[in-house]
Every structure is written in C-alpha cells, then in structure tokens.
Amino acid sequence: MSKKPIKNKVSSKRNVSKKIVKPLKKSVKKVSVKAGKKIVQEPIVMQPPRGMRDILPNEQEYWNRVRMVLDKEYPKYGFGRIDIPVLEYSNLFIRSIGKGTDLIDKEIYTFVTKGKDKVALRPEITAGVARAFIQHGMNVLPKPVKLFSIGPVYRYDRPQEGRYREHFQANFDIFGEEDSVLDAQLIQLAYRILGALGLKNVQFQVNSIGCPDCRKEYIDMLVSYFESKKKKLCKTCKARLKTNPLRILDCKEDKCVQVSANAPQTVDHLCNGCRDHFKSLLEYLDELELPYAINPQLVRGLDYYTRTVFEIWSTDEEGKKKSLGGGGRYDKLIESLGGEPTPAIGFALGIDRLVLEMKRIKAKSYENPKPRIFIAQLGNLAKKKSLKLFSDLERDGILIAESFGRGSLKSQLRTANRLGVEMTIIIGQKEALDETVIMKNMITGTQETVPQEKVLNAMKKILKSKPMIIKKKKINNI
RNA sequence: GCGGGUAUAGUUCAAUGGUAGAACACCAGUUUGUGGCACUGGUUAUCAGGGUCCGAUUCCCUGUACUCGCCCCA
Numbered sequence: 041m042s043k044k045p046i047k048n049k050v051s052s053k054r055n056v057s058k059k060i061v062k063p064l065k066k067s068v069k070k071v072s073v074k075a076g077k078k079i080v081q082e083p084i085v086m087q088p089p090r091g092m093r094d095i096l097p098n099e100q101e102y103w104n105r106v107r108m109v110l111d112k113e114y115p116k117y118g119f120g121r122i123d124i125p126v127l128e129y130s131n132l133f134i135r136s137i138g139k140g141t142d143l144i145d146k147e148i149y150t151f152v153t154k155g156k157d158k159v160a161l162r163p164e165i166t167a168g169v170a171r172a173f174i175q176h177g178m179n180v181l182p183k184p185v186k187l188f189s190i191g192p193v194y195r196y197d198r199p200q201e202g203r204y205r206e207h208f209q210a211n212f213d214i215f216g217e218e219d220s221v222l223d224a225q226l227i228q229l230a231y232r233i234l235g236a237l238g239l240k241n242v243q244f245q246v247n248s249i250g251c252p253d254c255r256k257e258y259i260d261m262l263v264s265y266f267e268s269k270k271k272k273l274c275k276t277c278k279a280r281l282k283t284n285p286l287r288i289l290d291c292k293e294d295k296c297v298q299v300s301a302n303a304p305q306t307v308d309h310l311c312n313g314c315r316d317h318f319k320s321l322l323e324y325l326d327e328l329e330l331p332y333a334i335n336p337q338l339v340r341g342l343d344y345y346t347r348t349v350f351e352i353w354s355t356d357e358e359g360k361k362k363s364l365g366g367g368g369r370y371d372k373l374i375e376s377l378g379g380e381p382t383p384a385i386g387f388a389l390g391i392d393r394l395v396l397e398m399k400r401i402k403a404k405s406y407e408n409p410k411p412r413i414f415i416a417q418l419g420n421l422a423k424k425k426s427l428k429l430f431s432d433l434e435r436d437g438i439l440i441a442e443s444f445g446r447g448s449l450k451s452q453l454r455t456a457n458r459l460g461v462e463m464t465i466i467i468g469q470k471e472a473l474d475e476t477v478i479m480k481n482m483i484t485g486t487q488e489t490v491p492q493e494k495v496l497n498a499m500k501k502i503l504k505s506k507p508m509i510i511k512k513k514k515i516n517n518i
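Numbering (our numbering), first residue to last: 41 to 518.
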C-alpha cells in the first residue's frame, strides 16, 4: 500500500484562507506594471464591511414570512408600493431629519461622487418618499395618498445585537390628511402586521410633541427648567441643553432621569389644536381596542416629527426593551422641502429586529417547498434523459432534486437520502435504452421498473398524498 | 463616539514558545447499478500587520471583526 500524498497541487485553496484571500507575497512584489509603478494588491477580506451581513438561506424562512405578511397587508389598507433609490442627495436628509440629530451628525453615510455630487445612503426611508411625493406631483392624487416601501437603510453606528449598519425597514407613509383617525389607522396596521407575524407581546408607546408653535413654547419652558437643575445633568445633556433640549427627556442616565421626572411634559403644554388631536387619537385607539401606553418622555430622534409620535417595543426575558419600529406625524415636512403644505404620518418597522424577535419566540416561519423526488442517473445517455425528464416534470410543477454532476449511484442516493425525499427515480444505461425508469421508494426501499411515460402520473399521485415524515438532518446552518 | 470580553477547520470546542487535535459536517471507499447504520481513508484552520525571540498560533503593541454594555435607534 503505497499511498503517495500528492503534494504538487499548488492548491489554490492554500492561498484562500477562510477570511482572507491574499495574493502570494512573491507575486505582490512582482506585480509592477502600469506606468512603471509598483502595484501592491490589497488583500481581499472575506467579509462584508462592518455592520453588514449576509442573510443565508436558512434564515430566509423568517424573512419570507415577513415579506409575505407585508405583501398581504399593505394593499388592504390602500397602500401602493413605491421603490426609491438607496442614494439621495445629502441635503435632502440633512434638511428633513435635521442637524443636531444623531442620525445626521454621526450616523449618515455621505460621499462625493465622481460627478462631484454630494450624496448619502438613506438612513431612513420617509425623506426619500417625501421627495418622490413632491417630484411626481402626488399632491393632486385623491387623498390620502398611502405609500409603502421596503428596503435597506444605512446608519454608521456601532453594531451590536439587532443593530446593523445595513438593515431593512418596511416603511408606511400617509400623505394629505391631518385627522388623527389616520394616525389610529396606521397604528392599527402596525398591530395587524405584528399580530400576523405572531408577535403579540408588544407594547405601543404614544406621545404628542405638538406643533412647531406649542413646541417652541414648551421647549423654552423645558430649557428654563433644566437650566435651573443644570448641575444635576450629565455631560451630554448639558450640551443638549443648547443643541437639542428635547432629547434630555430621553437620556437614560440615572441623574437625568430623576431630573426629567419632574420636568414639564409635552402633553401638558400642547396648544388647543394639538391637544384635541392627541385626545381624539386616544379615543380612536380605545375604539379599536388597541392597547397603548402614553409615554411623555418619548420624543424621537428626527426633527421633522410633529404631534403624534409612537414607538413599538418588545421586551425580552431579561426585561430589556427593544424597539421594533416607530413613527409619527410630520405635518410640515413636505412644505419644508418645497412642496404644497401636506400633513402626513408614517412609521417604519425594522425587519431584522422582527426576525430576531420571531426567532426568539419561535414564531411561525415560511419555508419554501422542498422537493420530494430525486432523480439519479448512471451513464451519459441516462444523464441526458434525466436532464430532459427533470425539465418535463418541472414544467408540470413537480419539484425535483438532483445531483447530476455526480457519477456514482451510491453518492447520489446518499444525497437523496439526506435531502429526505420520498421517491428516487433511477435511470441507468439499461433503462435509458428501454425507455423505462426505476422508481425507488426511499422509505420502504422497494423499487419497481415502469415505462417512462407513466412517470408523470405516478409522481403526481405521490405528491397528492401527505408528505411522509422523514427525519431530516440539519445541514449545518446553510 | 466611549468602555468590557473574545478571535484556532464549514460548525462547536481542544492544545502548545518548536507551525496544531477531536466531534459533527463535507468528499470518497468498504468487490465494481442502490441510501440510511457501521468501518476506513481524505480535504479543510491558528483574523491581519508589526515587535520580542534561534524560533510565536501561543508573549507584547497596533489594526480589524465579532460580542456585551453606554449613547442612539429599526
């Protein structure tokens, strides 16, 4: 038994370590072409940039479910789908979301293009939808105009569980109605979606931060209150006193929480219009029997919000609260971007977090159908026949698994077994010539030879029966 | 942006100042056209860069990533 290890295969894999594909060091030095300049190749990192990730097939069952529920629900409430670019001019976001917000000051991805355009990856969806609303003159459409969008958003933030630099949001916006009945309806939609996903244990926090008029008065009052207690505030909040005093209410530092507890509350300082608006919202929510908690501390991180704001929280085993989504009214946004004055309200759900939560509570997911039949082949002629048979059956809606590239029947059957199919069609040299196939029952192990033309009906018969429960092995996490 | 922890095969984990083992997974074989079980064999890894050292995967520094917390948010 002389087994010579073949070492000469300069295995390309050698240089393809898991994380890094680096060029051979020698070759790096060799590369020196263009304009006599030495070109050093940067290693390719086998990972996406920080905070970005792949969503692998095994996780798609949850994403599928979310997508299905969203696709089902949004038309019911009269939303039309809109898809907008991931890239917009930076100032769209800066103007709408506002300087002084974390989102703009430290989380937005901006860059200058070759054409010297200042652009940004969208940190949220509403601003772009608002832009599209104005651009396409949607103000002439019958009101309300309801737009649904789904896609990635980007925030340069520190990643941690449930927080990514690229994450996906489902975004709902309603334009053209000021009445809080729309606010209530939107919240109901959010409830619907979460319910359909099996996420029943969520909490809705609502608040009203008033219109610019009453907010201005309120902020003045807030500032004078905090000024008097300035010593007791944390460092960031002292700074916020000048930049964004509303956010002090949101601070989680113990001492700030204590100071905030006695601070004047937005709800107590609304103008008549805003108070009525908020009051009627609560009445509508009661009418719909949607539970909510009024949270006077809730202020939200975007400047464009007016009046109604809300957030959706889930609570985990340890009592930690995570935001699944949030939204609010932005009655002045369209106007501030140069459109006709158009009141509006919207909210977004974080899909990554929905999925995280669904996994946590073991919610129902949706798996794509699995093939229940496998085709194995042996020999060139049989391979051709199998290929044809596969496409014929597929055209009749029959899902087939195969491993055509493999030679031995043994390894094909092994694969068939691992896939948990109930029936394997075997075509060998002999069968290919006879126009027959072997149908092997993978559960009982019995098999019979049948004419090829009978295969389709036989397959249909199998698929009509209930799937047999076969213990299927989990193939790692792919 | 700030602080803590971590970084070894596809996965989960070992070990070591002298270039690394296992389990599961994967590929193949166990008399040549038949899966599961069993047995045998095989492929695959020390995050990157620098420093100390005769020698580092191990020690030190830096970077990067993951993770937890803060901040914030989805």
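Even for Gly, the Cβ is constructed at its ideal location relative to N, Cα and C. All of these numbers come straight from a predicted model, not from anything done at the bench.
Residues of its chain near residue i, where Cβ-Cβ distance is below 6 Å and the 5 sequence neighbours each way are ignored
| i | result |
| --- | --- |
| Lys77 | The pLDDT assigned to Lys77 is 47, lower than 50, so where the model puts this residue is not dependable, and the model offers no usable value. |
| Ile467 | Gln417, Ala422, Lys425, Ser426, Val477 |
| Lys272 | Lys295, Val299 |
| Pro383 | Glu218, Asp371 |
| Gly386 | Thr166, Phe212, Asp213, Gly367 |
Own chain partners of residue i with C-beta closer than 7 Å, once the 5 adjacent residues on each side are dropped
| i | result |
| --- | --- |
| Val242 | Leu234, Ile352, Trp353, Ser354, Leu364 |
| Phe119 | Lys186, Leu187, Phe188, Phe212 |
| Leu325 | Ala224, Ile227, Tyr332 |
| Pro491 | Glu475, Thr476 |
| Arg255 | Ile249 |
| Leu161 | Val126, Leu127, Tyr149, Tyr194 |
| Ile134 | Ile144 |
| Arg90 | Pro199, Arg205 |
| Asp436 | Leu496 |
| Gly447 | none |
| Lys66 | Below a pLDDT of 50, predicted positions are generally treated as unreliable, and Lys66, at 26, falls in that range; no measurement from the model is reported. |
Beta-carbon proximity of residue i to residue j, cut-off 8 Å
| i | j | result |
| --- | --- | --- |
| Gln487 | Ile478 | yes |
| Leu281 | Val299 | no |
| Gln245 | Asn104 | no |
| Gly250 | Leu310 | yes |
| Leu132 | Pro163 | no |
| Gly529 | Ile124 | The requested residue 529 is not part of the displayed model; the chain covers only 41 to 518. |
| Met92 | Arg203 | no |
| Thr346 | Pro252 | yes |
| Lys183 | Glu217 | yes |
| Gly368 | His207 | no |
| Val339 | Arg393 | no |
| Glu380 | Asn179 | yes |
| Ala441 | Leu429 | no |
| Lys156 | Ser130 | no |
| Thr348 | Ser220 | yes |
Neighbourhood of residue i by C-beta, 8 Å cutoff - its chain only, sequence neighbours within 5 removed
| i | result |
| --- | --- |
| Leu110 | Phe188, Ile190, Ala210, Ile233 |
| Leu439 | Pro409, Lys410, Pro411, Arg412, Ile413 |
| Ala236 | Val109, Lys112, Glu113 |
| Ala498 | Met479, Val490 |
| Leu449 | Ala416, Leu418, Ile466, Gly468 |
| Ser405 | Glu101, Tyr102, Asn104, Arg105, Met398 |
| Leu330 | Ala224, Ile227, Gln228, Tyr231, Phe244 |
| Gly238 | Met398, Ile401, Ala403, Lys404 |
| Thr141 | Asn284, Gly341, Leu342, Asp343 |
| Ile122 | Val169, Ala172, Leu187, Phe188, Ser189 |
| Gly138 | Ile144, Leu342, Asp343, Tyr344 |
| Ala549 | Here the chain comprises residues numbered 41 to 518, so residue 549 is not present and cannot be evaluated. |
| Glu375 | Pro381, Thr382 |
Residues bridged to residue i [DSSP beta-bridge criterion]
| i | result |
| --- | --- |
| Ala230 | Answer is none; Ala230 lacks a bridge partner. |
| Glu442 | Ile415 |
| Pro491 | Thr476 |
| Thr464 | Phe414, Lys480 |
| Gly368 | Val349, Gly386 |
| Asp94 | Bridge partners of Asp94: none, in fact. |
| Phe215 | Val185, Ala384 |
| Thr455 | Its beta-bridge partners do not exist; DSSP assigns none. |
| Asn247 | Val349 |
Pairs of beta-carbons, one from the stretch 313 to 333 and one from the stretch 256 to 272, closer than 8 Å: are there three or more?
no
Is it a yes or a no for the stretch 170 to 180 touching the stretch 146 to 156, going by three-plus beta-carbon pairs under 8 Å?
no
Report the start-end ranges of each alpha helix (DSSP H) in the stretch 274 to 350 that is 4 residues or longer and not cut off at the edges.
275 to 283, 294 to 301, 312 to 327
Counting only runs that start and end within the stretch 121 to 209, where is the alpha helix (DSSP H) found for 4 or more residues in a row?
130 to 137, 142 to 145, 166 to 175
Does the contact criterion of 3 or more C-beta pairs under 8 Å hold for the stretch 497 to 508 versus the stretch 446 to 458?
no
Sufficient close CB pairs (3 or more, under 8 Å) joining the stretch 396 to 403 to the stretch 192 to 199
no
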